[in-house]
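**Student:**
Residue numbers (this note's numbering): -4 to 71.
Here it is, written out as structure tokens:
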């Protein structure tokens, strides 16, 4: 049995600490690990990637580190 842990499962002080004290390198590593896991899962299910990896133009995209920030822009 598995349980997906979310920030809501943690005490609010710990959640705030993690939001502020998580370096960008850890975030990018976690995203990369997620994509690697997804790739292993899909290839394990017999799916094969089609074509080369595609680059996405992220010019002008701003991702706020804290959703509660009053200056954080909305991402459409």
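Just so it is clear, CB atoms sit at the ideal spot from N, CA and C, and this is done for glycine as well.
1) So, for residue 30: in the same chain, excluding its five sequence neighbours on each side, which residues have a beta-carbon less than 7 Å away from its beta-carbon?
2) Please classify residue 40: does DSSP put it in a helix, a strand, or coil?
3) Any idea what DSSP makes of residue 29, helix, strand or coil?
**Tutor:** Let me spell this out:
1) As a first step, residue 30 is located in the chain shown; it is residue number 35 there, counting from the start. Correct list: empty, nothing qualifies.
2) Walking along the chain shown from the start, residue 40 turns up at place 45. Of the three classes helix, strand and coil, the one that applies to residue 40 here is coil, per DSSP.
3) Taking the chain shown and counting its residues from 1, the one referred to as residue 29 is at position 34. Residue 29 falls in the helix class under three-state DSSP.
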